[in-house]
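Read through the structure below, which is laid out as structure tokens, and then see the notes.
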Amino acid sequence: MAIYAIGDIQGCYDPLRRLLDAMRFDPATDTLWLVGDLINRGPQSVEVLRFVRSLGARAVAVLGNHDLTLLAVAAGHVKPKRKDTFHSILDAPDHEELLAWLRHRPLLHHDALLGFTMIHAGLPPQWDLALAQRCASAVEATLQGADCNAFLKEMFGSEPARWRDDLAGYDRLRFTVNALTRMRFCTADGKLSFSEKGAPGCQTLGLIPWFAVPGRRSADLNIVFGHWAALGYYRAAGIFALDSGCVWGNRLTAIRLDEAGIPAWSVPAVSSASALT
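For what it's worth, the working numbering labels the leading residue of the sequence shown as 1, then goes sequentially.
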């Protein structure tokens with residue numbers, strides 16, 4: 001009855017299956033935590049969605065920015081970029097069922113007994129777990145409710161860039177999406193920055209990796225996340241970053257959460273050429 005967490009898959013279905021074989025994953029008893037960005041840019045997005053959906057309660061997947069972008073593209077509010085591979089899903093005969101399943105995924109998953117919290121990208125330094133859960137739940141309810149289409153139209157944009165307790169409406173929802181699915185760096189007072197995607201140490205003066213901000217209120221959590229391929233597989237106190245850039249021809253990484261030492265596995269991408277098709 002193992003519990004594994006896997007980094008950004010992004011349509012890399014073949015490496016996913018090889019990673020599961022390496023871990024000896026048993027779908028009858030084991031559980032997968034997936035940090036989001038199940039789809040896009042890789043060659044087999046629809047296969048990934050179908051497989052994860054078929055696992056039922058054995059898969060816990062949070063939404064990433066690429067997953068949310070698919071929902072907005074499907075709703076007609078965003079045009080896909082040149083390298084996007086959403087078409088394999090949108091052209092599939094079961095696309096409505098897949099989109100509905102995706103729309104009902106959480107943005108944050110917390111297991112108090114296990115002692116781990118999973119998000120796709122980051123947490124603002126002002127947020128503790130309770131506030132993060134409330135903000136995530138509000139977005140989840142909107143995506144699953146009658147206001148979903150209107151919200152998808154208003155979801156994109158980088159403002160507001162700093163958390164305030166009095167944020168409301170779409171501003172509050174948009175900030176939540178940006179924090180949980182897009183952030184990498186922020187300032188010491190929590191202003192989000194989306195312009196830089198490189199590894200820590202290369203950023204503009206004044207920007208800090210979100211998890212390194214002094215006094216952040218989530219420092220007591222064990223946080224599993226992805227989104228940051230330039231950071232790669234990275235572990236520090238309470239921090240487990242799992243996006244090792246499989247879609248860019250690098251590796252797909254997993255850790256086991258319920259075993260002492262948190263062992264890890266990784267497999268290489270099939271090839272850079274196939275991953276970037």
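Yeah, the Cβ is synthetic: ideal placement off N, Cα and C, and Gly gets one too.
Under the three-state reduction of DSSP, Tyr170 is assigned to helix. For the pair of segments examined, the region 75-91 was found to touch the region 39-53: the number of CB pairs separated by less than 8 Å reaches three. Its chain contains Ile3, Arg58 as the residues whose beta carbon lies nearer than 6 Å to that of Thr31, once the 5 sequence neighbours on both sides are disregarded; these appear in chain order.
Rounded to whole angstroms, the Cβ separation of Leu207 and Phe225 is 18 Å, and the two are not in contact under 8 Å.
In terms of Cβ geometry, Leu252 and Ile89 do not form a close pair [threshold 8 Å]. The shortest CA-to-CA distance from Gln203 to any of Thr187, Arg50, Ala254 is the one to Thr187.
For Thr142, the enclosing alpha helix (DSSP H) begins and ends at 129-143.
With a minimum length of 4 residues, the unbroken runs of alpha helix (DSSP H) contained wholly in the region 19-87 fall at 45-54, 65-74. Restricting attention to beta strand (DSSP E) runs no shorter than 3 residues, the region 197-253 encloses them at 223-225, 234-236, 239-241, ordered along the chain. Leu49 is positioned such that its CB atom lies no closer than 8 Å to that of Leu123.
With a cut-off of 8 Å on Cβ pairs, the region 130-140 is not in contact with the region 242-258, counting fewer than three such pairs. DSSP places Leu192 within a strand segment (E or B) once states are collapsed to three. One alpha carbon belongs to Glu259, the other to Ile239, and they sit about 16 Å apart. Distance from the CA of His227 to the CA of His66, rounded to the nearest whole angstrom, comes to 10 Å. In the structure shown, Trp101 falls within a helical segment according to DSSP collapsed to helix, strand and coil. With respect to the C-alpha of Leu19, the residue from Ile262, Gly261, Ala254, Arg174 having the closest C-alpha is Ala254. The shortest CA-to-CA distance from Val60 to any of Tyr13, Val139, His120 is the one to His120.
The alpha carbon of Ala229 has as its nearest neighbour, out of Ala28, Gly36, Ala22, the alpha carbon of Gly36.
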